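Visitor: Got a structure for you, written out below as structure tokens; questions coming shortly.
Protein chains: 2
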Amino acid sequence: MKQGFETSEFQARVKRAQSQMSQHGLDAILLTTEPDVRYFTGYLTRFWESPCRPWFLVIPVSRGPIAVIPSIGAVLMARSWITDIRTWRAPDLTDDGVSLLADTLRSLGPHIGTPSGIQSHLRMPLTDFERLNASLQNPIGSDEGILQNLRLVKSEAEIDKIRNACRIAGRAFDRVPEIAEAGVPLERVYRDFQRLCLDEGADWVPYLAGAAAPGGYGDVISPADDRPLSNGDVLMLDTGLVSDGYFCDYDRNFAVGSVPAKVDDAHAKMIEATYAAFEISRPGTTAADLFYAMDRIVSNGSIGSDAGRYGHGLGMNLTEWPSLIPTDNTVLVPGMVITLEPGIEISPGVALVAEENIVIRDDGAEWLSTPANPKMPRLKG
Amino acid sequence: MKQGFETSEFQARVKRAQSQMSQHGLDAILLTTEPDVRYFTGYLTRFWESPCRPWFLVIPVSRGPIAVIPSIGAVLMARSWITDIRTWRAPDLTDDGVSLLADTLRSLGPHIGTPSGIQSHLRMPLTDFERLNASLQNPIGSDEGILQNLRLVKSEAEIDKIRNACRIAGRAFDRVPEIAEAGVPLERVYRDFQRLCLDEGADWVPYLAGAAAPGGYGDVISPADDRPLSNGDVLMLDTGLVSDGYFCDYDRNFAVGSVPAKVDDAHAKMIEATYAAFEISRPGTTAADLFYAMDRIVSNGSIGSDAGRYGHGLGMNLTEWPSLIPTDNTVLVPGMVITLEPGIEISPGVALVAEENIVIRDDGAEWLSTPANPKMPRLKG
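In order, the protein sequence lines correspond to chains A and B. The opening residue of the first sequence carries number 1 in our numbering; numbering runs sequentially from there. The opening residue of the second sequence carries number 1001 in our numbering; numbering runs sequentially from there.
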């Protein structure tokens, strides 16, 4: 698969942003996080793992983007389609890009926005943000949700990348019997599953969660411990691996040896819930509709567990907007990529969680992950 | 090695924070990022990869920490030593923890700080931060650098974890000849090197950078491409792998087949620079002193490349304070863990970069990575 995107795709993204900025009277948008900067530039590097240096991208309303970045990033940024690249030698303990950024913004006009709503954060020190605001005509305000609006709907090229990530994970899930059986400690399974993901083509594996416990599990965000898998356990692995900058995010459950019939039944019911949501996934359906379609099946309409939601958007982040919760009335449109993630309680504190990835199409939805078999696969007990 | 830390270690960290808070007249500190929250709680999960939900930890000046977190994290947080855990069902589109956090902070007093200086950011939406400030007596101010002061100096238990991460990487580097030789594309090398890191015991591999080019390289933050290694290349791999929540961060250079003598000479000189910095690393030396000790050797005192620095702190983040730059006068004290990371230019745009990890001791320093051989190792050309 081709790496990155055509320049025309980035130009179209900028144009859509500018059209919305113009409607909201914004002179420019300031971006500071990895996915937001990459969305418009294609700037892909794991160097963001280092929190020492801020990075800025400015989208003016009526000209091309301006990168205001540490000089260490100049060579790579120059390979992108961005031509206006302004650098400083970072880290600078007295002025870490702030005056360079202030000069840039002042030249563009008084109305600057930055992503400020749910799931956003400002990736720069608060003290520097205050200094920046103090040197502008007006303090920086909200981007009016423009970034969220844009990133919510994926292009065909983005969908291809997410599908590819899903396929890589699918091949790794198929090979779980090679690495997991009774007696193998969970932390070994985690390590080896990440190796399988890499072997099958993942660029890296930022996220792996899971659990293993008798007949179901209670917590899905704990790190792995050294307890060996044992007969009767359900093993769940949930991966967010990355291919060319895009995530998949789905899981699989496995029975170690034999599990009680009620565990198999719960699994089948949960898979039924993902199909029920898939069936109504089309333009016009809301995120809340999907929640209720699944909740009806997995918890008889009791509004699910305290974990909060039955799925979410997916793309350059592991989790994006919308949220499949009763209060999210986001209307689905073609190109939205979402996860269907119902959980089902078997007994107090013992549950199962399923997850699939789909994309909304003109007349329905398409599976990006190959949906799980209702019958849980078996590992050697 | 034992996972996590004794409760007494967390209690001591809180006590040190409270003593500094008391000096600065702070009633509480608000923390929002993964390493800051984990520093006081031990709360370790890869779930932070999801940017949807904010997480808050409050350190009051005169009582134990309070976790204000999404309910999905309650089970895992309850396994930590923290007993005051307040939860809300997140994401909540109208009040994502803000009023719960505001209630908590109001009960503690009017003077609240949060990390605001270099390398910090606030991991919550700006709009929510404004709402929070509006509901407090005073807006939240700076933490007066307290988090930076504390995290700058590692405990013996933290040093053990970093040393362990370094050893895992060392074993993976030793096995590079198994996966890299002329004809193997760089992206295959990246994938396989991550697999080696996992195989040798890494929990995960958040960071891998590197380069391969004839006789040296120009850029060290680009993702791998599909160009095969070829005779005369220098391959560099730089990894930040994690073991029990702590990073190593160092690199190794390899010659593919034969390289010109001047490349070997440059490598040897660069390694000499790391030893020169190591020799003067002891309490009382400054970060700037280390910069100059290396710069003298690798660039004849020309203040190095535009990349900016010759090393940095290391711990729960891949890069931490201080920075080895001419303007950072941080005085080294026992327990600081730093990287020594000189670069050397061979010809314009062609360079090599070395990196080692050390810890400052009472009477000098200790290598945490086993220092590289001045003679570059060879891969099959």
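Yeah, the Cβ is synthetic: ideal placement off N, Cα and C, and Gly gets one too. For clarity, every value in this text was computed on a predicted model and none was experimentally measured.
#1: Comparing C-alpha positions only, which one of A:G335, A:T83, A:I69 and A:Y250 sits nearest to Q11 of chain A?
#2: Cα-Cα, which of B:D1192, B:K1161 and B:P1051 is closest to K1002 of chain B?
#3: Taking the alpha-carbon positions, what's the P1371 of chain B to R1016 of chain B distance?
#4: For the beta strand (DSSP E) holding V1350 of chain B, just list the boundary residues, first then last.
#5: Any idea if P342 of chain A is buried or exposed, counting beta-carbon neighbours within 10 angstroms, 16 or more meaning buried?
#6: Just by C-beta distance, which residues in the region 105-119 of chain A are closer than 9 Å to chain B?
#7: Select from B:C1248, B:N1317, B:L1332 and B:D1362 the residue whose C-alpha is nearest the C-alpha of Y1039 of chain B.
#8: Which partner residues does I112 of chain A have in the DSSP bridge list?
#9: Taking the alpha carbon of R1089 of chain B as the reference point, which residue from A:A354, A:N373 and A:I325 has its own alpha carbon closest?
#10: Determine which residues of the region 1217-1236 of chain B have a Cβ less than 9 Å from any Cβ of chain A, and write them out in chain order.
#11: Given this structure, state the Cα-to-Cα distance separating L147 of chain A from S19 of chain A, to the nearest angstrom.
#12: Helix, strand or coil for N253 of chain A? Go by DSSP, reduced to three states.
#13: Does E1356 of chain B come out as helix, strand or coil in the three-state DSSP assignment?
#14: So, with DSSP's three-state summary, where would you put D92 of chain A?
#15: Give the interface partners of G1073 of chain B over in chain A, defined as CB-CB distance under 8 Å, in chain order.
#16: Are there 16 or more other CB atoms within 10 angstroms of the CB of N300 of chain A, so buried, or fewer, so exposed?
#17: Round the Cβ separation of I1314 of chain B and T1286 of chain B to the nearest angstrom and send it over; I've been treating them as touching at under 8 Å.
#18: How many Å lie between D36 of chain A and G42 of chain A at the Cα?
#19: Can you pull the chain A residues whose beta carbon is under 7 Å from the beta carbon of M1124 of chain B, in chain order?
#20: Going by the beta-carbon positions, is the gap between V1205 of chain B and T1239 of chain B smaller than 8 Å?
#21: Residue range of the beta strand (DSSP E) that I69 of chain A falls in?
#22: Quick one, which of A:Y310, A:D95 and A:S107 has its alpha-carbon nearest I271 of chain A's?
#23: Per DSSP, D238 of chain A forms a beta bridge with which residues?
#24: Who are L379 of chain A's beta bridge partners in DSSP?
#25: Around the C-beta of T1327 of chain B, are 16 or more other C-beta atoms found within 10 angstroms, so that it is buried, or is it exposed?
#26: Which chain B residues sit within Cβ distance under 7 Å of A90 of chain A?
#27: If you measure from the beta carbon of E1178 of chain B to each beta carbon in chain A, is any gap under 8 Å?
#28: Mind listing the chain A neighbours of Q1194 of chain B? Cutoff is C-beta to C-beta under 7 Å, in chain order.
#29: Under the three-state reduction of DSSP, which class applies to F56 of chain A: helix, strand or coil?
#30: Starting from the beta carbon of I325 of chain A, find every residue of chain B whose beta carbon is closer than 9 Å, and list them in chain order.
#31: Can you tell me whether Y246 of chain A is helix, strand or coil according to DSSP?
#32: Should G284 of chain A go down as buried or exposed, given a rule of 16 or more other Cβ atoms within 10 Å for buried?
#33: Got a sec, what are the start and stop residues for the alpha helix (DSSP H) P177 of chain A sits in?
#34: Identify the residues that DSSP records as bridge partners of P1185 of chain B: which are they?
#35: Since S120 of chain A is in the alpha helix (DSSP H), which residue starts that stretch and which ends it?
#36: Could you tell me whether any Cβ in chain B is nearer than 8 Å to the Cβ of L132 of chain A?
Guide: Concretely, from the data shown:
#1: Working through the first sequence from its first residue, we reach residue 11 of chain A at position 11. Comparing Cα positions, the closest option is A:T83.
#2: Indexing the second sequence from 1 puts residue 1002 of chain B at position 2. Measuring from the Cα of K1002 of chain B, the nearest candidate turns out to be B:K1161.
#3: Locating residue 1371 of chain B in the second sequence gives position 371, where the first residue counts as 1. Locating residue 1016 of chain B in the second sequence gives position 16, where the first residue counts as 1. About 34 Å.
#4: On the second sequence, position 350 is the one that residue 1350 of chain B refers to. Counting along the chain, the beta strand (DSSP E) containing V1350 of chain B begins and ends at V1350 to V1353.
#5: Taking the first residue of the first sequence as 1, we reach residue 342 of chain A at position 342. With 16 or more other Cβ atoms within 10 Å, it is buried.
#6: T114, P115, S116, G117, I118 and Q119
#7: For the purposes of this step, residue 1039 of chain B is taken as the residue at position 39 of the second sequence. With distances taken between Cα atoms, Y1039 of chain B lies closest to B:N1317.
#8: In the first sequence, counting from the first residue as 1, residue 112 of chain A sits at position 112. Answer is A:A28.
#9: Here residue 1089 of chain B refers to the residue found at position 89 of the second sequence. Nearest of A:A354, A:N373 and A:I325 to R1089 of chain B, Cα basis: A:I325.
#10: G1218, D1219, V1220, I1221, S1222, P1223, A1224, D1225 and D1226
#11: Taking the first residue of the first sequence as 1, we reach residue 147 of chain A at position 147. Taking the first residue of the first sequence as 1, we reach residue 19 of chain A at position 19. Each residue's Cα considered, the two are about 12 Å apart.
#12: Taking the first residue of the first sequence as 1, we reach residue 253 of chain A at position 253. Here N253 of chain A sits in strand by DSSP.
#13: Sequence index remark: in the second sequence, residue 1356 of chain B carries index 356 (1-based). Looking at E1356 of chain B - three-state DSSP - the assignment turns out to be strand.
#14: Translated into the one-based positions of the first sequence, residue 92 of chain A becomes position 92. Looking at D92 of chain A - three-state DSSP - the assignment turns out to be coil, as it is neither helix nor strand.
#15: Taking the first residue of the second sequence as position 1, residue 1073 of chain B is located at position 73. Per Cβ cutoff of 8 Å: I221.
#16: Position 300 of the first sequence, counting from 1, holds the residue named residue 300 of chain A. Looking at its Cβ environment, which holds fewer than 16 other Cβ atoms inside 10 Å, N300 of chain A is exposed.
#17: In the second sequence, the residue the question calls residue 1314 of chain B occupies position 314. In the second sequence, the residue the question calls residue 1286 of chain B occupies position 286. Checking the sequence shown, residue 1314 of chain B turns out to be Leu, not Ile. Actually they are not in contact, since the Cβ atoms of L1314 of chain B and T1286 of chain B sit about 17 Å apart, beyond 8 Å.
#18: Translated into positions along the first sequence, residue 36 of chain A becomes position 36. Translated into positions along the first sequence, residue 42 of chain A becomes position 42. Rounded to whole angstroms, D36 of chain A to G42 of chain A spans 10 Å at the Cα level.
#19: The residue given as residue 1124 of chain B occupies position 124 in the second sequence. Per Cβ cutoff of 7 Å: H121.
#20: Residue mapping note: residue 1205 of chain B aligns to position 205 of the second sequence, counting from 1. Residue mapping note: residue 1239 of chain B aligns to position 239 of the second sequence, counting from 1. Contact: yes.
#21: As a working note, residue 69 of chain A is residue 69 in the first sequence. It spans I66 to P70 - the beta strand (DSSP E) in which I69 of chain A sits, taken as one unbroken run.
#22: Sequence index remark: in the first sequence, residue 271 of chain A carries index 271 (1-based). The shortest C-alpha separation from I271 of chain A is found at A:Y310.
#23: Working through the first sequence from its first residue, we reach residue 238 of chain A at position 238. In DSSP, D238 of chain A forms a bridge with A:A209 and A:D251.
#24: Looking up residue 379 of chain A in the first sequence gives position 379. The partner list for L379 of chain A (beta bridge, DSSP) reads A:V256.
#25: The sequence position of residue 1327 of chain B within the second sequence is 327, counting from 1. T1327 of chain B is exposed by the Cβ-count criterion.
#26: By one-based count along the first sequence, residue 90 of chain A stands at place 90. In chain order: G1308.
#27: Here residue 1178 of chain B refers to the residue found at position 178 of the second sequence. No, because no Cβ of chain A sits closer than 8 Å to the Cβ of E1178 of chain B.
#28: As a first step, residue 1194 of chain B is located in the second sequence; it is residue number 194 there, counting from the start. The answer, in chain order, is L198 and W204.
#29: Here the question's residue 56 of chain A lines up with position 56 in the first sequence. If DSSP states are grouped into helix, strand and coil, F56 of chain A belongs with the strands.
#30: Reading the first sequence from its first residue, position 325 is the one you call residue 325 of chain A. Chain B residues near I325 of chain A: R1089, P1091, D1092 and L1093.
#31: Looking up residue 246 of chain A in the first sequence gives position 246. Three-state result, Y246 of chain A: strand.
#32: Position 284 of the first sequence, counting from 1, holds the residue named residue 284 of chain A. Exposed.
#33: In the first sequence, the residue the question calls residue 177 of chain A occupies position 177. Taken as a continuous stretch (DSSP letters only), the alpha helix (DSSP H) holding P177 of chain A covers V176 to I179.
#34: Working through the second sequence from its first residue, we reach residue 1185 of chain B at position 185. Paired residue(s): B:P1228.
#35: The residue labelled residue 120 of chain A in the question sits at position 120 within the first sequence. It is not in any alpha helix (DSSP H) - S120 of chain A carries neither H nor E in the DSSP assignment.
#36: Working through the first sequence from its first residue, we reach residue 132 of chain A at position 132. It does not; no Cβ of chain B falls within 8 Å.
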